[in-house]
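Take any residue in the sequence shown, count from 1 to its spot, add 8: that is its number in the numbering used here.
Glycine is no exception: its CB is placed at the ideal position from the N, C-alpha and C atoms.
Here the structure is a predicted model, which means the values were calculated and not measured.
Encoded as structure tokens, the structure appears first; notes follow it.
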Amino acid sequence: MRLLFLGDIVGRPGRNAVIERLPGLRDRWQLDCVVINGENSAGGFGITEAICDEILAAGADAITLGNHSWDQRETLVFIERQPRLLRPVNYPPGTPGRGANLIDTRSGARVLVVNVMGRLYMDPLDDPFAAVDRELETCPLGQVADAIIVDVHAEATSEKEAMGYYLDGRASLVVGTHTHVPTADHRVLPGGTAYMSDAGMCGDYDSVLGMQKEEAIRRFLQKTPGTRLEPGLGEGTISGIAVETDDRTGLARRVAAVRLGPNLEENWPRFWD
Ligand SMILES: [Fe+2]
Ligand SMILES: [Fe+2]
9 MRLLFLGDIV GRPGRNAVIE RLPGLRDRWQ LDCVVINGEN SAGGFGITEA ICDEILAAGA
69 DAITLGNHSW DQRETLVFIE RQPRLLRPVN YPPGTPGRGA NLIDTRSGAR VLVVNVMGRL
129 YMDPLDDPFA AVDRELETCP LGQVADAIIV DVHAEATSEK EAMGYYLDGR ASLVVGTHTH
189 VPTADHRVLP GGTAYMSDAG MCGDYDSVLG MQKEEAIRRF LQKTPGTRLE PGLGEGTISG
249 IAVETDDRTG LARRVAAVRL GPNLEENWPR FWD
């Protein structure tokens, strides 16, 4: 199978880049499953139902979230009727929505998508390792799920790397999100799980983490109240990871970083062209 995961969509530049590029990439690379983190897609803060529908229509099979899950209050309501939108699985019991789901993709595959949040330098949620364990036990790779994608929304690379090795051999892909900066450590771990510490963001990279530079810099220089952070206005770049899995086992065979757009050095899975 061919999987594509893209990092946090930040505002309109990120949405436009995904909407313009994804339909063509699905076709060109014959993608079986596309998962995108959408926690910053609405003006940098959260996601609305209209934007969620727009990203799904562009070719995403599932959308994950993170610490910005509830920035748009409507998400607390519409997430209950949108099984393809996932919030971190280790929120307290009773939190609206779901943190994992077995998704039927357009190509007919069944992919378990799990969204989990780290605890280092983040809100102290339930144990992310135990939470993912529970999901994988009920839906094992190669038996119930054709592929398993785990989005580890976390600040610390140590926690993300630990999760990658903890799940090695049990998931097709463990990929980090949240920092908005892509790492260069994408690889297949010894047990067959594809891994990348951070997928980066889909957004305007001529910015500070997707937000306009001026106010972001000012906040470091002056400790006085300023204006709201607004997403950049330039052309967006998409960033993430492409994974090819073995159809029999669901484990990864090869990976490539995906960076397409104006600001970063471009890269794509040349083995699919
Ligand atoms: Fe984010
Ligand atoms: Fe985040």
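Could you tell me the distance, in whole angstroms, from the CA atom of residue i to the CA atom of residue j?
i, j, result
"V160", "V124", "5 Å"
"G177", "R261", "12 Å"
"R226", "G240", "15 Å"
"R256", "L11", "15 Å"
"A65", "D193", "31 Å"
"D35", "S115", "11 Å"
"N98", "P233", "33 Å"
"V216", "G52", "12 Å"
"C60", "L84", "13 Å"
"R118", "T72", "17 Å"
"M171", "P101", "22 Å"
Where DSSP assigns a beta bridge to residue i, which residues make up the other side?
i, result
"N45", "T72"
"R267", "S247, N275"
"T165", "The partner list for T165 (beta bridge, DSSP) is empty, contrary to what the question assumes."
"R10", "E252"
"P239", "M219"
"A260", "T253"
"P100", "DSSP output for P100 lists no bridge partner at all."
Counting C-beta neighbours from all protein chains within 10 Å, is the total for residue i 16 or more, i.e. buried, or is it exposed?
i, result
"S247", "buried"
"S180", "buried"
"S49", "buried"
"S166", "exposed"
"L175", "buried"
"Q80", "buried"
"R95", "buried"
"E88", "exposed"
"T253", "buried"
"Q305", "Residue numbering for the chain in the displayed model covers 9 to 281; residue 305 lies beyond these limits and cannot be assessed."
"F279", "exposed"
"L229", "exposed"
"Q38", "exposed"
"T146", "exposed"
"E28", "exposed"
For a quick check, are the C-beta atoms of residue i and residue j less than 7 Å apart?
i, j, result
"A138", "V122", "no"
"G218", "P190", "no"
"L149", "G258", "yes"
"H186", "G74", "yes"
"F86", "E57", "yes"
"G184", "G211", "no"
Are the C-beta atoms of residue i and some chain D residue less than 7 Å apart?
i, result
"G52", "Going by chain labels, chain D is absent from the structure shown, which holds only one protein chain."
message = Strictly closer than 7 Å from CB to any heavy atom of ligand 2: give me those residues in the order they appear in the chain.
response = D16, E47, G74, N75, H76, H161, T185, H186
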